[in-house]
Each structure stands twice: as C-alpha cells, then as structure tokens.
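Engineer:
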Amino acid sequence: MTQEAMIALIRARGIRDPLVLGAMGRVPRAAFVPEGQKRQAHGDHPLPIGHRQTISQPYIVAMMTEALALTPSQRVLEIGTGSGYQAAILAEMGMEVYSVERIPALHQAAQHALEAAGYAQVRCKLGDGYHGWPDHAPYAGIIVTAASPEAPPPLLAQLADGGCMVIPLGRPGRMQELWQLTRHGEEFRRESMGGVAFVPFVHDAA
Ligand code: SAH
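The numbering of the sequence shown is my numbering, which starts it at 151 and goes up by one.
#1: For glycine 186, name the three-state secondary structure that DSSP assigns.
#2: Within the same chain, show all residues whose beta-carbon is closer than 7 Å to that of glutamine 190, passing over the 5 residues directly before and after it, in chain order.
#3: Need the endpoints of the alpha helix (DSSP H) that proline 318 sits in, please.
#4: Please name the residue in Gly323, Pro299, Phe338 whose C-alpha comes closest to that of methionine 315.
#5: Just the C-alpha distance for alanine 217 and glutamate 341, rounded to the nearest angstrom, thanks.
#6: Determine which residues share a DSSP beta bridge with threonine 332 and list them.
#7: Looking at leucine 240: is its Cβ nearer than 8 Å to the Cβ of histidine 257?
#8: Can you tell me where the alpha helix (DSSP H) with tyrosine 235 in it begins and where it stops?
#9: Provide the residue span of the alpha helix (DSSP H) that contains proline 168, from first to last.
#10: Quick one: give me the first and last residue of the alpha helix (DSSP H) that alanine 260 is part of.
#11: Taking just the CA atoms, how far does histidine 353 sit from serine 298?
#12: Report the option in Ala355, Gly335, Leu331, Arg324 whose CA atom is closest to the CA atom of valine 346.
#13: Grab me the residues of leucine 171's own chain with a C-beta within less than 8 Å of its C-beta, minus the 5 sequence neighbours each way, in chain order.
#14: Would you mind sorting alanine 173 into buried or exposed? The rule is 16 or more other CB atoms within 10 Å of its CB.
#15: Report the three-state DSSP secondary structure of tyrosine 269 (helix, strand or coil).
#16: Would isoleucine 293 and leucine 309 be called neighbours here (beta carbons separated by less than 8 Å)?
#17: Rounded to whole angstroms, what is the Cα-Cα separation between glutamine 153 and glycine 175?
#18: Out of Gly234, Met245, Val250, which one is the CA nearest neighbour of threonine 221?
#19: Is it buried or exposed, glutamine 271, if we count other Cβ atoms within 10 angstroms and call 16 or more buried?
#20: Near tyrosine 289, which residues of its chain fall below 7 Å by C-beta distance, leaving aside the five closest residues on each side in sequence?
#21: Quick check: alanine 238 and alanine 267, are their CB atoms within less than 8 Å of each other?
#22: Measuring from the CB of arginine 252, is there a heavy atom of the ligand SAH at a distance below 7 Å?
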C-alpha cells in the first residue's frame, strides 16, 4: 500500500481533521519502522518494532490524534514513544511535543529516527511515563499509547483545564477501551471511543 492509499483508507474510516490528515500525508512512516518491515509501512496494521512492542496501526494513530482536539503550537505529552511515529505526527502538526519511553533502546532509536526525519525539536525522555513530565506541565493534550488499568493520577494532574487525554484502559490480555477524558476544572468527562488492543503500560510500583 502507498502512503496515498493509507490516507484514503483513514479518510474512508471517518477521520476528517485536515491537520491530522495533512500530517499523516507528509510524515514518512517508513522512516519509523525497522529494516525488513519497510515495504509494509503503509498497511493499516500495527508492526513489530522489537522488544515486544509495536508501532500503532495508522487508523488508530489518526483517531487518537484527532481526539486530542489540538490547535497548532499547543503543548502535548505522549507516553510510550515507541518508534517515534506518533510524536512525529504531532510535531508535523506544529505542536510542542514531549514524549516519554521506558525502554532505553527504543528511546534512543526513536530519538535518532525523529532527528533523521527532521523532527529534532521533539523532546524525548527515558523513564516511567506513569509520572508524566511535570517540568513542562500543564499539557493541552496527553496521549498514552499503552494500556493501563486506570488513568495514572499524575497524568491527570498534568492535563490543562479544557485539555484532552486519550488513553486505552483495560488489563493486559483483556478487552481494552479507548477513552477521551476532557478536563473541566477538577472534573473529567469520559467518552468511550470503542474497543482497542494495545501493548501493556508497564509501571513498577515503588
Ligand atoms: N506511540 C508509539 C507506540 C509505541 S507502543 C509509536 O508511535 O510507535 C507503546 C510504547 O509504550 C512501548 O514502546 C512501551 O515500551 C511504552 N511504555 C509502556 N509502558 C510505559 C511507561 N510506563 N512509560 C513509558 N513508556 C511506556
């Protein structure tokens, strides 16, 4: 599948935001998938990136990005840098992007891929995303790309008033549901976006 065909498919599945569609049309997805997988880079499915992790399916990336409801130059936090592809999409949309990854090799590879593809401005950090990245809070959007049983309280605290968090909730190996949480003061309105399958969010409680 070509990048054009990938965009046509995402559009057909209901993604309308021109900012999201534009960015997904410009970011070279092949630059974020491992050697040997490049020919399948634009298929609408997840791909392995090593360390038992995956780069998410293009449609899911589009849906989650659209649900963040961002406008250019806003600050956004991603938990689970993985390949760096999602971070590149957000950067291409003109956002100020912060991303946290817990696996050192993925953190490093993503940083290199982001630099090589022209997104050196993305700020990457190695660590447990459960704690977010308080130094740059609040964030207009927070996107979590691994499934956890509940939204980590430190992340909720780092979301700006009126901001959206998009997060898959559910236990590993069980049904997960994608949620959009919108902050109104100290209240969070929850809207379900349907069933999904993500790799587990790993948090080693101290
Ligand atoms: N957004 C990525 C998808 C990566 S898959 C992309 O576009 O390619 C999810 C990633 O979340 C994995 O790399 C995994 O290591 C990471 N992850 C899981 N739990 C985490 C945690 N507590 N903190 C930071 N990263 C985590």
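Built from N, CA and C at the ideal position, the CB exists for glycine as well.
Structural biologist: So, from the data block:
#1: coil
#2: Leu197
#3: Element bounds for proline 318: not the alpha helix (DSSP H) but the beta strand (DSSP E), 309–319.
#4: Phe338
#5: 10 Å
#6: Cys314, Arg339
#7: no
#8: 235–242
#9: 168–176
#10: 254–266
#11: 9 Å
#12: Arg324
#13: Ile157, Ile160, Arg161, Ile165, Ala212
#14: buried
#15: coil
#16: no
#17: 7 Å
#18: Met245
#19: exposed
#20: Arg225, Val226, Leu227, Gln308, Leu309, Ala310, Gly313
#21: yes
#22: yes
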